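Residue 280 is where the sequence shown ends in my numbering, and the numbering goes up by one at each step. For glycine and all other residues, C-beta sits at the position ideal for the given N, C-alpha and C. Keep in mind that this is a model prediction, so the values were computed, not measured. Inspection log for the structure reproduced underneath, given as structure tokens.
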Amino acid sequence: MKEKLIPTFYSTDDYEGGILLPILVVLMMFTIITLYVLEDYRTRREVLVNTKDFYLAKSLENITWEEIKEEKIVKNKTVTYNLGEVDVIWHEKNKEVELNTSLKNNYKRTTKKSFIKKG
162 MKEKLIPTFY STDDYEGGIL LPILVVLMMF TIITLYVLED YRTRREVLVN TKDFYLAKSL
222 ENITWEEIKE EKIVKNKTVT YNLGEVDVIW HEKNKEVELN TSLKNNYKRT TKKSFIKKG
């Protein structure tokens, strides 16, 4: 009959050290990795929200700009949408329109565009 091999774990130099230091090192590594993952998640979430807000505000500005080009808005006015408001400010001498967009989640954006009035 074949003899069964049984794995045994032992130290050849009779080391009798404590287990506290290795556990502290593992705990510290786990903490650092957790902090890194949480910070990365927070940063990615912030970028996602800012990107979404930017494109929503840009869409509201484009809708308002189309109304200005169709001459539905010809003076200073606040246009209200379900996502926020766009303040239209005319600068006649500079031939510019300033669009101040503010979303309901407090995201704000300002755009200046040149215009040429018809007739």
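What does the alpha-carbon distance come out to for the pair residue i and residue j?
i       : j       : result
Thr-195 : Val-186 : 14 Å
Phe-276 : Glu-228 : 13 Å
Thr-192 : Leu-209 : 26 Å
Thr-241 : Val-247 : 6 Å
Thr-212 : Leu-181 : 46 Å
Arg-203 : Leu-264 : 22 Å
Asn-267 : Arg-205 : 20 Å
Take residue i and list the residues in its own chain whose beta-carbon comes closer than 7 Å to its own, dropping the five residues that flank it on each side.
i       : result
Lys-165 : none
Asp-259 : Per the sequence shown, residue 259 should be read as Glu rather than Asp. For Glu-259, where only same-chain residues beyond five positions count, the Cβ hits under 7 Å are Ile-250, His-252, Thr-271, Lys-273.
Have a look at the DSSP bridge pairing and note the partners of residue i.
i       : result
Lys-274 : Val-258
Lys-121 : Outside the shown range of the chain, which is 162 to 280, sits residue 121, and nothing can be said about it.
Keeping to the same chain, check which residues put their C-beta closer than 6 Å to that of residue i; ignore five residues upstream and five downstream.
i       : result
Lys-238 : Val-249
* Asked: Which runs of the beta strand (DSSP E) spanning at least 3 residues fall entirely within the stretch 205-265, listed in chain order?
  -> 238-241, 245-252, 257-264
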